[in-house]
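For reference, the structure discussed in these notes is given below.
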Ligand code: SF4
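In my numbering, the protein residues as written are 339 to 730.
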């Protein structure tokens with residue numbers, strides 16, 4: 339283990355080298371020394387409490403440095419299932435911690451750094467439950483496919499849960515298995531549009547024809563959001579075209595939640611963007627692609643936190659963000675101070691309650707400054723969709 343001073347210098351060097359454009363003027367040596375001191379304390383407490391610290395790629399660089407496991411939401415969920423830890427401090431947004439708790443059940447105590455409001459998500463706040471209920475009334479046999487980036491209640495009323503890696507296959511599977519039935523995908527319209535086109539292609543290859551109107555993509559604006567990730571929404575067609583014009587030799591890695599996703603897909607189909615140059619990838623797949631691709635330069639269309647992981651893992655390759663400023667304020671609501679508080683004071687813990695009287699409305703379960711409930715009935719129903727997703 340290095341000294342605090344050595345660690346501070348390492349942070350100072352790496353944060354400037356790999357993330358100077360993403361967090362300009364945010365890490366001077368004194369900042370790095372404080373972060374190094376907190377790192378030491380976090381590691382000590384995590385060892386004492388037998389906690390595994392799981393970190394999402396979109397968090398600040400100091401979190402990448404303390405992570406026992408760094409990953410996207412699916413990779414972190416799979417890790418949870420494998421590791422069977424006594425305790426996990428889940429450093430991401432709340433719905434991801436809730437998914438982890440549902441997977442782990444009572445075998446693992448799961449802690450998050452702040453309330454669901456602070457560690458929120460525009461896809462969660464932008465889900466109109468009344469609209470979904472009305473859709474279900476109108477389409478009693480309709481099938482709900484919900485993206486993993488969603489609240490627990492919506493997962494619990496869904497027929498299938500999907501990820502950015504398999505939504506197209508799940509839509510195609512449902513269309514094949516339940517011919518003629520209406521399908522609703524939610525809550526991300528950009529990812530949904532791309533995945534619908536891909537699912538139709540998969541079915542065409544099998545010579546299965548279906549009415550495209552049977553696959554509905556949720557587009558309902560709600561709560562000040564536009565049925566999408568507000569961060570990826572900013573990565574629109576102009577920003578990607580400008581970045582591509584500036585870096586004509588770069589390979590392009592696009593997260594399917596991006597505002598530019600369906601435009602890029604159309605451009606690829608028309609051969610305007612060569613198909614061997616642009617790829618729709620989850621954050622985890624971006625890392626794999628960058629490792630195995632012969633390309634030296636990559637345009638990255640996702641939250642800039644990912645750039646630190648890519649640059650640090652592959653220092654001989656060049657990674658260019660479509661936007662260096664499109665940070666997710668919900669992810670960045672995590673701080674080392676909040677993690678320290680969690681470890682010292684054992685809060686905030688996600689608890690699966692026995693459908694307690696305080697959780698009458700499952701959409702707004704009980705929470706205070708120590709615990710956040712998930713009613714058991716909601717957790718059990720959500721698990722039915724989450725478990726198969728983990729094995730795909
Ligand atoms: S990056 Fe987008 S999808 Fe992810 S937590 Fe933030 S708002 Fe939600």
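For glycine and all other residues, C-beta sits at the position ideal for the given N, C-alpha and C.
Quick check on DSSP: helix, strand or coil for residue i?
{"i": "residue 530", "result": "helix"}
{"i": "residue 655", "result": "coil"}
{"i": "residue 498", "result": "strand"}
{"i": "residue 624", "result": "helix"}
{"i": "residue 648", "result": "helix"}
{"i": "residue 641", "result": "coil"}
{"i": "residue 610", "result": "coil"}
{"i": "residue 427", "result": "strand"}
{"i": "residue 535", "result": "helix"}
{"i": "residue 616", "result": "strand"}
{"i": "residue 463", "result": "helix"}
{"i": "residue 447", "result": "strand"}
{"i": "residue 546", "result": "coil"}
{"i": "residue 709", "result": "strand"}
{"i": "residue 408", "result": "strand"}
{"i": "residue 360", "result": "coil"}
For the ligand SF4, I want to know if residue i counts as a neighbour, meaning its beta carbon is within less than 8 Å of at least one of the ligand's heavy atoms.
{"i": "residue 622", "result": "no"}
{"i": "residue 598", "result": "no"}
{"i": "residue 568", "result": "yes"}
{"i": "residue 397", "result": "no"}
{"i": "residue 487", "result": "yes"}
{"i": "residue 459", "result": "yes"}
{"i": "residue 669", "result": "yes"}
{"i": "residue 431", "result": "yes"}
{"i": "residue 666", "result": "yes"}
{"i": "residue 456", "result": "no"}
{"i": "residue 462", "result": "yes"}
{"i": "residue 584", "result": "no"}
{"i": "residue 589", "result": "no"}
{"i": "residue 595", "result": "yes"}
{"i": "residue 544", "result": "no"}
{"i": "residue 641", "result": "yes"}
Give a yes or no on whether the C-beta atoms belonging to residue i and residue j are separated by under 9 Å.
{"i": "residue 521", "j": "residue 495", "result": "no"}
{"i": "residue 540", "j": "residue 507", "result": "yes"}
{"i": "residue 723", "j": "residue 493", "result": "yes"}
{"i": "residue 392", "j": "residue 428", "result": "yes"}
{"i": "residue 553", "j": "residue 527", "result": "no"}
{"i": "residue 581", "j": "residue 637", "result": "yes"}
{"i": "residue 517", "j": "residue 565", "result": "no"}
{"i": "residue 602", "j": "residue 460", "result": "no"}
{"i": "residue 639", "j": "residue 625", "result": "no"}
{"i": "residue 550", "j": "residue 534", "result": "yes"}
{"i": "residue 387", "j": "residue 684", "result": "yes"}
{"i": "residue 463", "j": "residue 561", "result": "yes"}
{"i": "residue 480", "j": "residue 519", "result": "yes"}
Can you name the start and end residues of the beta strand (DSSP E) that residue i belongs to?
{"i": "residue 691", "result": "687-691"}
{"i": "residue 591", "result": "589-592"}
{"i": "residue 578", "result": "Note, residue 578: premise wrong, no beta strand (DSSP E); alpha helix (DSSP H) at 575-584."}
{"i": "residue 607", "result": "Careful: residue 607 lies outside any beta strand (DSSP E), inside the alpha helix (DSSP H) at 599-607."}
{"i": "residue 482", "result": "481-485"}
{"i": "residue 571", "result": "Looking at the DSSP string, residue 571 is not in any beta strand (DSSP E); the run it does join, the alpha helix (DSSP H), is 568-571."}
{"i": "residue 390", "result": "389-394"}
How would you write the range of the alpha helix (DSSP H) that residue i sits in, first residue to last?
{"i": "residue 343", "result": "342-357"}
{"i": "residue 320", "result": "The structure shown does not extend to residue 320, since the chain spans only 339 to 730, so no value can be given for it."}
{"i": "residue 368", "result": "367-386"}
{"i": "residue 432", "result": "432-442"}
{"i": "residue 680", "result": "674-683"}
{"i": "residue 401", "result": "399-404"}
{"i": "residue 513", "result": "505-515"}
Among residues of its own chain, excluding the 5 on either side of residue i, which ones have a beta-carbon nearer than 6 Å to its beta-carbon?
{"i": "residue 423", "result": "390 and 446"}
{"i": "residue 709", "result": "687 and 689"}
{"i": "residue 571", "result": "597"}
{"i": "residue 595", "result": "526, 528, 529, 567 and 570"}
{"i": "residue 717", "result": "440 and 690"}
{"i": "residue 371", "result": "346"}
{"i": "residue 442", "result": "418"}
{"i": "residue 296", "result": "Since the first residue shown for the chain is 339 and the last is 730, residue 296 is missing from the structure and cannot be characterised."}
{"i": "residue 466", "result": "558 and 560"}
{"i": "residue 505", "result": "533"}
Looking only at its own chain, which residues have a Cβ that is under 7 Å from the Cβ of residue i, when we skip the five neighbours before and after it?
{"i": "residue 677", "result": "380, 427, 429 and 451"}
{"i": "residue 544", "result": "none"}
{"i": "residue 671", "result": "452, 456 and 457"}
{"i": "residue 692", "result": "714"}
{"i": "residue 563", "result": "460, 463 and 464"}
In its own chain, which residues sit with a C-beta less than 8 Å from the C-beta of residue i, not counting the 5 before and 5 after it?
{"i": "residue 696", "result": "703, 704 and 711"}
{"i": "residue 661", "result": "572, 573, 577 and 642"}
{"i": "residue 575", "result": "597, 598, 601 and 602"}
Compute every distance between the C-beta of residue i and the non-hydrogen atoms of the ligand MN, then say whether any falls below 8 Å.
{"i": "residue 511", "result": "Because the ligand MN does not appear in the structure shown, any question about it cannot be addressed here, the ligands present being the ligand SF4."}
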